[in-house]
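Undergrad:
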Amino acid sequence: MEQLPGYIIQHPDSRKSSTSFNVCFFFILLVHTGQPQPLLSKLSPVFNPSTFKSNKKQLLPELLEQDLHPTFSPLYSAQQITRAKAVEFIFTPPPNFLLHNKISFAENHIDSGVKAIYTDGSKTDEGTGSAYCILENYGIIASWQDKLDRSNSVFQAEKLAIRMAIEAASSLHRPIKIWTDSLSSLMAILNPKSHHSIVQEIQTLLLSHKHIHLRSLKAHIGYLGNECADQLAKEAITKGDPFLLPKPLSYLKAEIKSTALSIWQDNWDNGEIGRSTHDIVPRVSNKPVGWNREEIIFVTGHGPFPSYLRRFNLRTHDNCSCGGKGDPIHYATKCLFTLSWHFQTPTVSLKLQWLKNILTNNFSRTRLRLLMRFICDENNLIVEDNN
Numbered sequence: 001m002e003q004l005p006g007y008i009i010q011h012p013d014s015r016k017s018s019t020s021f022n023v024c025f026f027f028i029l030l031v032h033t034g035q036p037q038p039l040l041s042k043l044s045p046v047f048n049p050s051t052f053k054s055n056k057k058q059l060l061p062e063l064l065e066q067d068l069h070p071t072f073s074p075l076y077s078a079q080q081i082t083r084a085k086a087v088e089f090i091f092t093p094p095p096n097f098l099l100h101n102k103i104s105f106a107e108n109h110i111d112s113g114v115k116a117i118y119t120d121g122s123k124t125d126e127g128t129g130s131a132y133c134i135l136e137n138y139g140i141i142a143s144w145q146d147k148l149d150r151s152n153s154v155f156q157a158e159k160l161a162i163r164m165a166i167e168a169a170s171s172l173h174r175p176i177k178i179w180t181d182s183l184s185s186l187m188a189i190l191n192p193k194s195h196h197s198i199v200q201e202i203q204t205l206l207l208s209h210k211h212i213h214l215r216s217l218k219a220h221i222g223y224l225g226n227e228c229a230d231q232l233a234k235e236a237i238t239k240g241d242p243f244l245l246p247k248p249l250s251y252l253k254a255e256i257k258s259t260a261l262s263i264w265q266d267n268w269d270n271g272e273i274g275r276s277t278h279d280i281v282p283r284v285s286n287k288p289v290g291w292n293r294e295e296i297i298f299v300t301g302h303g304p305f306p307s308y309l310r311r312f313n314l315r316t317h318d319n320c321s322c323g324g325k326g327d328p329i330h331y332a333t334k335c336l337f338t339l340s341w342h343f344q345t346p347t348v349s350l351k352l353q354w355l356k357n358i359l360t361n362n363f364s365r366t367r368l369r370l371l372m373r374f375i376c377d378e379n380n381l382i383v384e385d386n387n
């Protein structure tokens, strides 16, 4: 069995939810073994998802020592993981954790020219940017902007901008408001149990500097400071070297999902079974095709058809009672016992398109379901005696 990369399961945020943790681990097994879910039970018990949850504390040191799979580049080193674990215990919310007194969602914003700080984050196909600007008398008197890696999320960019803005405001020694359009960031800051290291730093700074207050405003409705911060964040995407932040869990999940789908697609394209279904559904997807039992029987040919039963020596011939070959196409187009549900007989070259047309037309699908139910219910009538 291939060895699993230790960095995959180490992100601190993944421990917040046992569900997300186990889902991530399942995808890792899928990606690195290239096997479907039923085969996971054949893997070593050490890497069994059902036992991993209870043993993860003992298994993490072992996994950290594993070699990295060449498909991935490492997201976190063992040293980074150790530091991340230590950071989680640095911030201990005091009994009077009253950040809700310093954060408001209700205050209406007015462009009055009073000194204030505005933060924003932006993400495009080219990358991610983070920025803040300090406005006074309708002009920018100071600003900061930085580029993040393309893998970093806009949520991380928003939090970083708030973190840097608070640091800048800490030296002013006068009441000042920091305005942001990121409700998710403010909600994370209000959570005393947050595992995000940047959020914990923000909480510590806010509790240490009583003159700094966070405020929420609506995005992209013409506020000067918000528009300036947004423009700075967009400009940061194309400037300078990336500010190094750990890759978010969302990126990790997307990478694992993409690789799993790629392996699945390769197996589906190069497999030896299911070729008739592959012709109709050539691309794999997590989204079900929406076929019911009768439609699956017809497409795969795995049903009470003489042609199928003959393959497994369950019958001595593959003839229908009417004399034709008892396969799905025969019953759908030629069999004398199924005239009520017949479709027009397709040519050999158009057979695939004929199948696709049936499966994408609701009236045709209804007729097909009735046909398959009749064949299943009246099998003794339409199948020739086995002699």
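Mind the numbering: the sequence shown is residues 1 to 387 in full-length UniProt numbering, read in order.
The beta-carbon is built from N, C-alpha and C at its ideal position, and this holds for glycine as well.
For K102, which option in H209, M372, S258 and W291 has the closest C-alpha, if you only look at C-alpha atoms?
TA: Checking every option, the nearest Cα to that of K102 belongs to H209.
Undergrad: Taking its Cβ as the centre, do 16 or more other Cβ atoms sit within 10 Å of L381, making it buried, or is it exposed?
TA: Exposed, by the Cβ-count rule.
Undergrad: Measuring CA to CA, which of A236, T204, S250 and T259 is closest to V284?
TA: Of the candidates A236, T204, S250 and T259, the one whose C-alpha sits nearest the C-alpha of V284 is T259.
Undergrad: If distances are taken between C-alpha atoms only, which option among W144, T338 and S112 comes closest to G121?
TA: Out of W144, T338 and S112, W144 has the C-alpha closest to the C-alpha of G121.
Undergrad: Got a sec, what are the start and stop residues for the alpha helix (DSSP H) D120 sits in?
TA: Careful: D120 lies outside any alpha helix (DSSP H), inside the beta strand (DSSP E) at A116 to T124.
Undergrad: Shortest alpha-carbon distance to I212 belongs to which of D111, L309 and Y118?
TA: It is Y118.
Undergrad: Rounded to whole angstroms, what's the CA-CA distance from D149 to D230? Just pull it up for me.
TA: For D149 and D230, the distance between alpha carbons rounds to 18 Å.
Undergrad: Opposite F155 in the DSSP bridges: which residues?
TA: Note: F155 sits in no beta bridge, so no partner.
Undergrad: Can you check DSSP and say which residues form a bridge with T128?
TA: Bridge partners of T128: K123 and L148.
Undergrad: Less than 8 Å between the C-beta atoms of F155 and S194, yes or no?
TA: Their beta carbons are not under 8 Å apart, which means F155 does not touch S194 by this criterion.
Undergrad: Out of curiosity, what's the CA-to-CA distance linking H220 and N226?
TA: Rounded to whole angstroms, H220 to N226 spans 7 Å at the Cα level.
Undergrad: Check whether the stretch 171-188 touches the stretch 264-276, counting contact only when three or more Cβ pairs, one atom from each stretch, lie closer than 8 Å.
TA: In short, these stretches do not touch, since the Cβ pair count stays below three.
Undergrad: Alpha helix (DSSP H) containing S250: first to last residue?
TA: L249 to N270 is the span of the alpha helix (DSSP H), which, as asked, contains S250.
Undergrad: In angstroms with no decimal places, state the Cα-to-Cα distance between P248 and E255.
TA: P248 and E255: Cα-Cα distance of roughly 11 Å.
Undergrad: Does the count of Cβ pairs from the stretch 156-164 and the stretch 125-139 closer than 8 Å reach three?
TA: Enough Cβ pairs lie closer than 8 Å, so yes.
Undergrad: Any Cβ of chain D within less than 8 Å of the Cβ of K210?
TA: Note that chain D does not occur in the displayed structure, where there is just one protein chain.
Undergrad: Could you spell out the range, first to last residue, of the alpha helix (DSSP H) harbouring I176?
TA: Note, I176: premise wrong, no alpha helix (DSSP H); beta strand (DSSP E) at I176 to T180.
Undergrad: Quick check: does the Cβ of S104 come within less than 7 Å of any heavy atom belonging to the ligand ATP?
TA: Inclusion of the ligand ATP in the displayed structure is not the case, the ligand content being empty and no account of it being possible.
Undergrad: DSSP state of R215, grouped into three classes?
TA: Reduced to three states, the DSSP call for R215 is strand.
Undergrad: What residue does the alpha helix (DSSP H) around E106 start on, and which one ends it?
TA: At residue 106 the sequence reads Ala, which differs from the Glu that was named. Element bounds for A106: n/a, residue is neither H nor E.
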